[in-house]
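> One structure coming up, written as structure tokens, with questions to follow.
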Amino acid sequence: MAGPLVLLRDLKPQVDDPRTRDLDWYVGQGGYKTAETVLKTKTPDDVIAEVKASGIRGRGGAGFPTGMKWSFVPKGDGPKYLLCNADEGEPGTFKDRLLLTQHPHQLIEGMIIAGFAFGARQGYVYIRGEFVIEAEIVRRAIAEAYAKNWLGKNLWGTGVDFDLHVYRGAGAYICGEETSLIESIEGKRGYPRLKPPFPAVYGAWGKPTVVNNVETLSAVPWILAKGGAQYAKIGTAKSAGTRLFSVSGHVNRPGVYEIPLGTPFTTILNDVCGGVSGGRKLKALITGGSSVPILTAAETEGLIFDFESPASKGTMLGSGGVIVMAEGTCMVRALMVLMRFYAHESCGQCTPCRDGTPWLANLTKMIETGQASMNEIELLMSVSKKMAGNTICPLADAAVMPAQSYATKFRDEFIAHLDGKGCPFPAWTFGEGH
Amino acid sequence: MADVTLTIDGQSVTVPQGTTILQAAKMRLGMELPHYCYHPGLSIAGNCRICLVEVEKMPKLVTGCSTQCGEGMVVHTQSARAKEGRGGVLEIMLTNHPLDCPICDQAGECKLQDYYMTVGMHDNHVVFPKVHKKKIVPLPPHIVLDQERCILCSRCVRFCQEITKTNELTIAMRGTHSEIEAAGDGTIDNGYAGNLHEICPVGALTSTDFRFQARVWWLKSHKSVCPGCSTGCNTWVDDRRGEVKRLRARENASVNQWWLCDEGRYGYKSINAPDRLKTARVKKTDATSGTAIGEVWARLKTIAAKKGGFAGIASAQASNEDLFVFRRLVAHMGGVADFRIDDSLTKTQTRVDEILRRADKNPNTTGAKLLGFGDGPGVEAILKSAAEGKISALYVLDADRFDAAGWTDKLRAVRTKIEFVVMHATRECGALDLADVVLPAATYAEKDGTFTNYEGRVQRFWRAIRPIGDARADGAWLATICAEFDAADAALAKPAAAFNAVASETPALGDLRWEMIPAEGALIAPGAAPKDKVG
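Protein chains in written order, with the numbering used here: chain A, 136 to 569; chain B, 215 to 749.
What follows is the structure in structure tokens.
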């Protein structure tokens, strides 16, 4: 796959090469030079202007313009915080993990620059609890940077301070939601906050706070080194830059790929990932993590991987977690697995999600096992409608979107499971504990 | 702060900026949006989602409790979408609720039942097993938690965080398995625990004291004021057939807001105590009211004729009205009186904590002082005079407190020097043996009256139940006796007449009249409230 690489730094094969996580390697690539130059020669407003010019939008899932997010932080003294969201937990998404293990210094450099841009003197990398090795790698990288005084006080003699810490989560999907991530960093239970106030004004410990995804922050050094305009040239007019896609499911070469936005899906499926595995036909596609509405094979016709094309088909690129499903996949069973996930991960704060997600899980299980009638399919639709949009954070919506899209787009398949008939697809065991 | 004007259900309302939709609907339209997690005395959690309303130009329904009113906002609380939203939330909320209303203390005053009737009315679609949790989790001494009934509104958690700041409760586990859990040994004894079962909108937190005592629909509620300290918290006295079953906080923004302390809340037991005095006594023998009061008249008249010393000992437990009639009697007898039988009276303003409680354990110290009972010689001096043979008649208005404050033995030592002793009492106590006549007194729940609290706020309380046995209000007994000296005094048996007489004689009360005492109480003229002694 040809194209410029922003995040993966032109080294191949890099995924298996542990050297790329060392400071020396990164410095050899010109690492930390950008941060030094920025701190010495640019103003915070220059940096924000450059990031705005790049057109980069948040890579965590919601796609909010990054430069704009930084510019919402009130000016003035007083503590402000930069939090890196490394709580990558969306099913089907595993791209931040690669950046953490292979390019931790790129992330650190990005955070130095981002902190400088809106006046944060403290940064945290919030790493999900399951990422044990990843947390150690980032910790080591931070220690290396401190040893060079590229973190800490008076960086490069500019008078700018930036301290960076690793904070490990305790294993809750919800802590990837930015306000519950903030609560968690404060040492509290991971409950999303009511908004407004937004974190830019009232964030961690009540101070202005920016939460950015690993991938977003990792792109910042490149943008400042080569210029926002240069970054904006990659991709399309409205979807600038590259994205990491973690492709899984029924493809011959699953993995993490850096691809310029605007690339057709067929290119990714066939050229990058070697096509659907086993020579089967495509049945369905998840474009951006398990929470987004699913697309049927027919709907992937003409699909471009940018912000607009999936939106026109009622879905989104979300977290970049691409899951390919081939013919032979039971959509009810796939939904059942997902619903169980959301029921398990609902924080329990809002009623519709706390008791709605288990209801959806129960209904899909009933359908899959042949214990259901049409009534349960109707309930799946009506219960999810009662949840949609009625909660503090989008977790309920994350369960509702697949529930409604699977049951609508694959309605015949759902009906085929009803009235004692059960699942028409070959049996599949989930393994221990399920 | 600036005002904003918005439309709620077609009606234009103007509210201060920062007001939420729920508050605006209540303040301006008297409309109560359904709510569980919202409580006016606690921070906004926005988690129960039952207050969903539709706001034009907003893509989603919003929670009325947390959404602030904006200029030009158009809110629909009764649109099909809003009702459907609320109904959906309630239906989902009930999927794991045990629906054990027949054995639940909350039944009848449960918001789940109420809102089912207004926004629910759905059929049951739940065909899978409910999540089971612990049904009886004691949180001693006052609370029992039923985790299955809990809807996780977090009011109790926030109360312990924000009001008592003791943090006993938290939410443990996650998702549908979330449950309220207490720290440490599970004890919640922060002095205000009783508020927890009161603010719980469902039957999850129930009162150890009230559990299984009565179905709430049999209870009658009466407005009252707690006599437990000088704060004067407003209460509801709930009785079943003349027996007081519980007290609840009655909202008064100027006094107790929404709260009560445990001491006050569970202090009602003295009203229906088994040792309540039901009949009068003459010379330690039960007597009819007529016989007893006849004896009092006869003896006092003789003593008055001899011009031989009369002393009255009142207490700050008595209402303004009762004290006023007592003062009349003292005047008729040409005697002296005081009320300072317990030390806490000097601490009327002193706070025990930052919430409600005050060190003076009497509701009417300020009132007693305003009526001049603090200008007497003092109880010690009265008993000293008695020892010197200068007191012929001693009238103890509140033998309960007199005894509790440790005066009984001191009186016993001088008893033979006093010709005639009368006592009013609500319950048996050691002092009563020293009286020639004992008159059974009504408790505050059995009479009308007013107390004047620490800051000089005159507050009305209402008769909740019929006085037990032959008991009467102190003022009623006294008015009958006073009428023997001045027939006009018979009218003072009615608290309204007594209060208006007090008010007309007390400049600090201005032109306040019984019928005009406002719901939040009436503050006496600034500076008129007697201050505590410094130190």
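The beta carbon of each residue, even a glycine, is placed where N, CA and C say it ideally should be.
1) Looking at chain B, is there any beta carbon in it that lies within less than 8 Å of the beta carbon of residue 316/A?
2) Taking the alpha-carbon positions, what's the residue 593/B to residue 613/B distance?
3) What's the gap between the Cα of residue 424/B and the Cα of residue 318/B?
4) Over what stretch of residues does the alpha helix (DSSP H) that includes residue 358/A continue unbroken?
5) So with CB distances below 7 Å, who are the chain B contacts of residue 528/A?
6) Taking a contact to mean a Cβ-Cβ separation below 8 Å, would you say residue 352/A touches residue 249/A in this structure?
7) Check the DSSP bridge columns for residue 453/B and list the partner residues they point to.
8) Which partner residues of residue 657/B appear in the DSSP bridge assignment?
9) Report the option in 173/A, 414/A and 192/A whose CA atom is closest to the CA atom of residue 290/A.
10) Looking only at C-alpha atoms, which of 564/B, 501/B, 689/B and 255/B sits nearest to residue 466/B?
11) Tell me whether residue 346/B is buried or exposed, calling it buried when 16 or more other Cβ atoms sit within 10 Å of its Cβ.
12) Along the chain, where does the alpha helix (DSSP H) containing residue 339/B start, and where does it finish?
13) Closer than 6 Å by C-beta to residue 494/A: which residues in its own chain qualify, once you throw out the five before and the five after it? Chain order, please.
14) Does DSSP put residue 519/A in a helix, a strand or coil?
15) Where does residue 485/B land, buried or exposed, given buried means 16+ other C-beta within 10 angstroms?
16) Which word fits residue 137/A, buried or exposed, when buried means at least 16 other C-beta atoms lie within 10 angstroms of its C-beta?
17) Please go through the same chain and pick out, in chain order, the residues whose beta-carbon is closer than 7 Å to the beta-carbon of residue 643/B, but skip the five residues on each side of it.
18) In the structure shown, what three-state DSSP assignment does residue 345/B receive?
19) With 8 Å as the threshold, decide whether the Cβ of residue 575/B is near any Cβ in chain A.
20) Distance check for residue 416/B and residue 367/B, CA to CA, integer angstroms please.
21) Please compile the residues from chain B whose C-beta is within a distance smaller than 9 Å of the C-beta of residue 521/A.
22) Shortest alpha-carbon distance to residue 495/B belongs to which of 636/B, 228/B, 626/B and 460/B?
23) What does residue 280/B reach in chain A if we use C-beta pairs closer than 8 Å?
24) Secondary structure at residue 172/B, three-state DSSP: helix, strand or coil?
25) What residue range does the alpha helix (DSSP H) around residue 444/A cover?
26) With DSSP collapsed to three states, give me the class of residue 153/A.
27) What residues of chain B sit near residue 539/A, judged by a beta carbon separation below 9 Å?
28) Would a check of beta-carbon distances place residue 146/A closer than 8 Å to chain B?
29) Cα-Cα, which of 683/B, 682/B and 703/B is closest to residue 690/B?
30) Here's the rule: buried if 16 or more other CB atoms are within 10 angstroms of the residue's CB, otherwise exposed. What is residue 714/B?
31) Against residue 508/A, what residues of chain B qualify as contacts under a CB-to-CB distance less than 7 Å, listed in chain order?
32) Quick check on residue 567/B: buried or exposed, where buried means 16 or more other Cβ atoms within 10 Å of its Cβ?
33) For residue 536/B and residue 388/B, what's the separation of their Cα atoms in angstroms?
34) Would you call the segment 207-225 of chain A in contact with the segment 386-404 of chain A, where contact means no fewer than 3 C-beta pairs closer than 8 Å?
35) Identify whether residue 283/A lies in helix, strand or coil by the three-state DSSP scheme.
36) Identify whether residue 501/B lies in helix, strand or coil by the three-state DSSP scheme.
Concretely, from the data shown:
1) no
2) 13 Å
3) 12 Å
4) 349-361
5) Those within 7 Å of residue 528/A in chain B number zero; the least Cβ separation is about 11 Å.
6) yes
7) 434/B and 458/B
8) For residue 657/B, which the question treats as bridged, DSSP gives no partner whatsoever.
9) 173/A
10) 255/B
11) exposed
12) Segment: none, residue 339/B is in no alpha helix (DSSP H) and carries neither H nor E.
13) 518
14) helix
15) buried
16) Its pLDDT being 48, under 50, residue 137/A is placed unreliably in this model, and the value from its coordinates should be taken loosely. When all chains shown are included, residue 137/A counts as exposed.
17) 613, 614 and 617
18) coil
19) no
20) 10 Å
21) 298, 299, 301, 302, 303, 305 and 306
22) 636/B
23) 329
24) Because chain B in this structure spans residues 215 to 749, residue 172/B falls outside the shown range and cannot be described.
25) 443-447
26) helix
27) Correct list: empty, because the minimum Cβ distance to chain B is about 14 Å.
28) Low local confidence applies: a pLDDT of 47 at residue 146/A is under 50, so the model's placement there is unreliable, with the coordinate-based value given in what follows. Residue 146/A does not count as touching chain B.
29) 703/B
30) buried
31) Neighbours of residue 508/A on chain B: none; closest Cβ ~10 Å, over 7 Å.
32) exposed
33) 58 Å
34) no
35) coil
36) strand
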